[in-house]
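**Q** Residue numbers (my numbering): 133 to 266.
C-beta: ideal position from N, C-alpha, C; glycine also.
#1: Quick one: measure Cβ to Cβ for residue 187 and residue 173, integer angstroms, because I've assumed they're closer than 8 Å.
#2: Near residue 190, what residues of its chain come up, given a Cβ to Cβ distance below 6 Å and the 5 sequence neighbours on each side ignored?
#3: Report yes or no: do three or more beta-carbon pairs, one from the stretch 236-256 and one from the stretch 141-159, lie closer than 8 Å?
#4: In terms of residues, what are the limits of the beta strand (DSSP E) holding residue 218?
#5: Just how far apart, CA to CA, sit residue 175 and residue 231?
#6: According to DSSP, residue 143 sits in a beta bridge with which residue or residues?
#7: Beta strand (DSSP E) containing residue 236: first to last residue?
#8: Taking buried to mean at least 16 other C-beta atoms within 10 Å of its own C-beta, is residue 183 buried or exposed?
#9: Based on Cα-Cα distance, which residue from 149, 236, 216 lies nearest to residue 256?
#10: What residues in its chain sit with their C-beta under 7 Å from that of residue 180, if we drop five residues either side in the sequence?
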């Protein structure tokens, strides 16, 4: 019997950052899929039903705030926790994240341990964590 690895969808337009976050999370025992823009993230979330989404705020095609609004309005995606990833550390960005429906907030750049800890605590807080992740 194989234990469930929580699936994290990373929505980030900067390829190097996307791969770095993927490496952090896979090393920590998570399954990971990636999207290069907000539209891809919304489509993939509906299809994959990830346990959590890391959402960059500033992306082409559809920005992270609007993508989060669409996810939270969707009947099949409203329950998926979304953590905002943004280089904007001001309170205004936190307020935008909250208004869009984000369940958490991380300022970029972030340390690998901080990213993994935020993902774990969010999953634990929403009851979506289905197995022990190292």
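**A** Let's see:
#1: 7 Å
#2: none
#3: yes
#4: 214-218
#5: 21 Å
#6: 167, 187
#7: 236-239
#8: buried
#9: 236
#10: 139, 141, 165
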